[in-house]
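*Asks:*
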Amino acid sequence: MQGSIRKVSAGFPERRTEAHRNGAAMPGAPGRVTVAAVWRDALTALSAQSMPVLASALFGFALATILSTLLSVAYTISFYGRTNTILSSYGSGHVVPLIVQAAAGLLAGGFARGAITWLALNAGSRDHGGRAALRAILARWPLLLLTTLATGALIFAGNLGLNALLVELRFDLADISQFSLSFDGMVRSITLRVAGSLIPDPGSPFTELLTYLRLESSRVSANLVYAGGLSYYRVKNIPVIQSPWLLGVGGIGVLLAVDTFSRFLMAGVVRALPGTRLASVWAALRLALRHFALVLAHTWIVRLAIFTVSALFMTVPLVLVEGTLVPLLVRAMGSAWPIVIAGTAMAISMAVVSTVLLAFSVVYDACLYRRLTGCPESAG
């Protein structure tokens, strides 16, 4: 009996043996794909590819936000030079910065996701540096851009439905732009920000379009009024949304489905060879569908981990500074410039720190894909 077992085992192809040697689970064996195993794979890939991954993340995920923030500051300074006021312009010139952020985010963000995915899939290969990733992404750029836009459009549609319900419940996510000057206000601001971080992001240019629509549909105006060293907001009326609960529940369903199905699309794109690229993308979609429950669980475990780190070490401290220290500086200086300076510093610092968390999420998806396919590396 033992001899028969040895004979059968010896008959397995070498590719299968090599896949197990690299720690990858074979197709059809999702039970071996544990959170601890994929987490370990992701940390190993990050440590092996730390420099190119971080460089790609900073270029793709932080650059657009930084450019948009600096452009907003330039707009405020220009307005101040013409009118000698700050707060009447602060927050009102958001259209042009959002357009710039959308364009830069689409190009740089798509490249960064593709490059980081390629680096994670090729962490154990010889030719795995930044230049090789750049060549691979440029060769697949049209397909990468197409899948990014298609996925983003679907997630954007889901966000619109959910946003209709949130507005109906007086839970306007756009109100996070407020400066919270009371304890209740700070609690609400923290709640809005952490809740918003749990909602799947469609990516540029749909993230910026969603931000604009939320600002326009918010019951609180983005224009600040300066009075006695403090700032407050004008409340405005918005049209009533028909069937908000139907739209909200439908939006949640779309978000869960598309966010799960699309986890492996980038891996399918970067692994595709000429002539088989659409087939590779279709195979990635089928893989996510076949292991839907597993992929959904892994996705939300990582999202909750990132959410916890973000809330404890970014959102809560920044809101406390925004609601306590900034008003004190405004009163002491008799000027609104601390609001502009603090808002700029917070936006840039959060963009830089968030790149690390977002890069880990992309690497985790690639490592989960490797575990499910048993493929140790992607095509070059």
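For the sequence shown, the working numbering begins at 76 and goes up steadily by one. Virtual Cβ for every residue (Gly too), placed ideally from N, Cα, C.
When we look at the beta-carbon of Ala-111 and count the other beta-carbons within 10 Å, is it buried (16 or more) or exposed?
*Replies:* For the purposes of this step, residue 111 is identified with residue 36 of the sequence shown, where counting begins at 1. Ala-111 should be labelled exposed.
*Asks:* Count the CB pairs spanning the region 117-133 and the region 427-445 that are closer than 8 Å, and state whether there are at least three.
*Replies:* In short, these stretches touch, since the Cβ pair count reaches three.
*Asks:* Can you check the region 198-235 for any beta strand (DSSP E) of at least 3 residues that lies completely inside it and give the ranges in chain order?
*Replies:* none
*Asks:* Which first and last residues belong to the alpha helix (DSSP H) in which Arg-445 is found?
*Replies:* As a position in the sequence shown, residue 445 is number 370, starting the count at 1. From DSSP, the alpha helix (DSSP H) with Arg-445 extends over 412-448.
*Asks:* Suppose you measure from the CA of Ala-99 to the CA of Leu-290; what does that come to, to the nearest Å?
*Replies:* Your numbering for residue 99 matches position 24 in the sequence shown. Your numbering for residue 290 matches position 215 in the sequence shown. Bear in mind that the predicted position of Ala-99 carries a pLDDT of just 37, short of 50, making it unreliable; the figure below should be weighed with that in mind. When rounded, the distance between both Cα atoms is 45 Å.
*Asks:* Where does Ile-274 sit, in a helix, a strand or coil, going by DSSP?
*Replies:* Residue mapping note: residue 274 aligns to position 199 of the sequence shown, counting from 1. Reduced to three states, the DSSP call for Ile-274 is coil.
*Asks:* Whose C-beta lies closer than 8 Å to the C-beta of Leu-146 among residues of the same chain, with five residues either side of it excluded?
*Replies:* By one-based count along the sequence shown, residue 146 stands at place 71. Same-chain partners within the cutoff: Val-171, Pro-172, Val-175.
*Asks:* Measure the alpha-carbon distance for Ala-183 versus Ala-139 and round it to whole angstroms.
*Replies:* Reading the sequence shown from its first residue, position 108 is the one you call residue 183. Reading the sequence shown from its first residue, position 64 is the one you call residue 139. A direct Cα-Cα distance of roughly 8 Å separates Ala-183 from Ala-139.
*Asks:* Is the Cβ-Cβ distance between Ala-239 and Leu-331 less than 8 Å?
*Replies:* As a first step, residue 239 must be located in the sequence shown, where it is residue number 164. As a first step, residue 331 must be located in the sequence shown, where it is residue number 256. Taking the C-beta atoms as reference points, Leu-331 is found no nearer than 8 Å to Ala-239.
*Asks:* Would you check if the distance between the CB atom of Leu-209 and the CB atom of Ala-190 is smaller than 8 Å?
*Replies:* Taking the first residue of the sequence shown as position 1, residue 209 is located at position 134. Taking the first residue of the sequence shown as position 1, residue 190 is located at position 115. Yes, Cβ-Cβ distance for Leu-209 and Ala-190 is below 8 Å.
*Asks:* Out of curiosity, what's the CA-to-CA distance linking Leu-237 and Thr-144?
*Replies:* As a working mapping, residue 237 is identified with position 162 in the sequence shown. As a working mapping, residue 144 is identified with position 69 in the sequence shown. Going by the C-alpha atoms only, they are around 27 Å apart.
*Asks:* Could you check whether Val-405 and Met-261 sit closer than 8 Å to each other, using their CB atoms as the reference points?
*Replies:* Numbered from 1 along the sequence shown, position 186 holds the residue referred to as residue 261. Numbered from 1 along the sequence shown, position 330 holds the residue referred to as residue 405. No, the pair does not count as a contact, with Cβ atoms beyond the cut-off.
*Asks:* What separation, rounded to the nearest whole angstrom, lies between the Cα atoms of Pro-127 and Thr-335?
*Replies:* Indexing the sequence shown from 1 puts residue 127 at position 52. Indexing the sequence shown from 1 puts residue 335 at position 260. Roughly 27 Å separates the two Cα atoms.
*Asks:* What would DSSP say about Gln-124, mapped onto helix, strand or coil?
*Replies:* Your numbering for residue 124 matches position 49 in the sequence shown. Residue state, collapsed to three classes: coil.
*Asks:* Which residue's Cα is closest to the Cα of Pro-349: Trp-216, Thr-266, Ala-407?
*Replies:* Taking the sequence shown and counting its residues from 1, one reaches residue 349 at position 274. Minimum Cα distance to Pro-349 is reached at Trp-216.
*Asks:* Is it buried or exposed, Arg-352, if we count other Cβ atoms within 10 angstroms and call 16 or more buried?
*Replies:* By 1-based counting over the sequence shown, the position of residue 352 is 277. With 16 or more other Cβ atoms within 10 Å, it is buried.
*Asks:* Return the CA-CA distance between Glu-397 and Thr-119, expressed in angstroms with no decimal places.
*Replies:* The sequence position of residue 397 within the sequence shown is 322, counting from 1. The sequence position of residue 119 within the sequence shown is 44, counting from 1. Between Glu-397 and Thr-119, the C-alpha separation is close to 37 Å.
*Asks:* Helix, strand or coil: how does DSSP classify Ala-347 here?
*Replies:* For the purposes of this step, residue 347 is taken as residue 272 along the sequence shown, with counting starting at 1. Three-state DSSP puts Ala-347 in coil, outside helix and strand.
*Asks:* Going by C-alpha to C-alpha distance, which of Arg-245, Ser-125, Val-415 sits closest to Tyr-155?
*Replies:* Along the sequence shown, one-based indexing puts residue 155 at 80. For Tyr-155, the nearest C-alpha among the options comes from Val-415.
*Asks:* Below 8 Å between beta carbons: does that hold for Ile-316 and Glu-243?
*Replies:* Start at 1 with the first residue of the sequence shown, and residue 316 comes out as number 241. Start at 1 with the first residue of the sequence shown, and residue 243 comes out as number 168. Their beta carbons are under 8 Å apart, which means Ile-316 touches Glu-243 by this criterion.
*Asks:* Give the single residue among Val-108, Val-370, Val-148, Thr-374 whose Cα lies nearest to the Cα of Ile-423.
*Replies:* Start at 1 with the first residue of the sequence shown, and residue 423 comes out as number 348. Checked all of Val-108, Val-370, Val-148, Thr-374; the closest Cα to Ile-423 is Val-148.
*Asks:* Please state if the CB of Asp-440 and the CB of Phe-367 are separated by a distance shorter than 8 Å.
*Replies:* Numbered from its first residue, the sequence shown carries residue 367 at position 292. Numbered from its first residue, the sequence shown carries residue 440 at position 365. Not closer than 8 Å, so no.
*Asks:* Expressed to the nearest angstrom, what Euclidean distance is found between the alpha-carbon atoms of Ala-117 and Gly-409?
*Replies:* Numbered from its first residue, the sequence shown carries residue 117 at position 42. Numbered from its first residue, the sequence shown carries residue 409 at position 334. Whole-angstrom Cα-Cα distance: 50 Å.
*Asks:* Of the choices Arg-263, Arg-206, Leu-288, Trp-375, whose alpha-carbon is the least far from that of Ile-274?
*Replies:* As a first step, residue 274 is located in the sequence shown; it is residue number 199 there, counting from the start. Cα-wise, what sits closest to Ile-274 is Trp-375.
*Asks:* Under 6 Å Cβ to Cβ from Ala-347, same chain only, skipping five residues before and after it: list those, please.
*Replies:* By 1-based counting over the sequence shown, the position of residue 347 is 272. If we look at Ala-347 and ignore the five residues flanking it on each side, its Cβ neighbours are Ser-355.
*Asks:* Return the first residue and the last residue of the alpha helix (DSSP H) that Ser-355 is part of.
*Replies:* As a position in the sequence shown, residue 355 is number 280, starting the count at 1. Looking at the DSSP string, the run of the alpha helix (DSSP H) that includes Ser-355 is 352-365.
*Asks:* Short check: CB of Ala-386 to CB of Ala-137, under 8 Å?
*Replies:* Position 311 of the sequence shown, counted from the first residue, corresponds to residue 386. Position 62 of the sequence shown, counted from the first residue, corresponds to residue 137. No. Outside cutoff.
*Asks:* Hey, how far is the Cα of Val-401 from the Cα of Phe-258?
*Replies:* What you label residue 401 is simply residue 326 of the sequence shown in a count that begins at 1. What you label residue 258 is simply residue 183 of the sequence shown in a count that begins at 1. Between Val-401 and Phe-258, the C-alpha separation is close to 14 Å.
*Asks:* Can you look up Ile-316 in the DSSP assignment and give me helix, strand or coil?
*Replies:* Here residue 316 refers to the residue found at position 241 when the sequence shown is read from its first residue. Three-state result, Ile-316: coil.
*Asks:* Of the choices Thr-109, Thr-151, Leu-142, Gly-204, whose alpha-carbon is the least far from that of Leu-129?
*Replies:* For the purposes of this step, residue 129 is taken as residue 54 along the sequence shown, with counting starting at 1. Measuring from the Cα of Leu-129, the nearest candidate turns out to be Gly-204.
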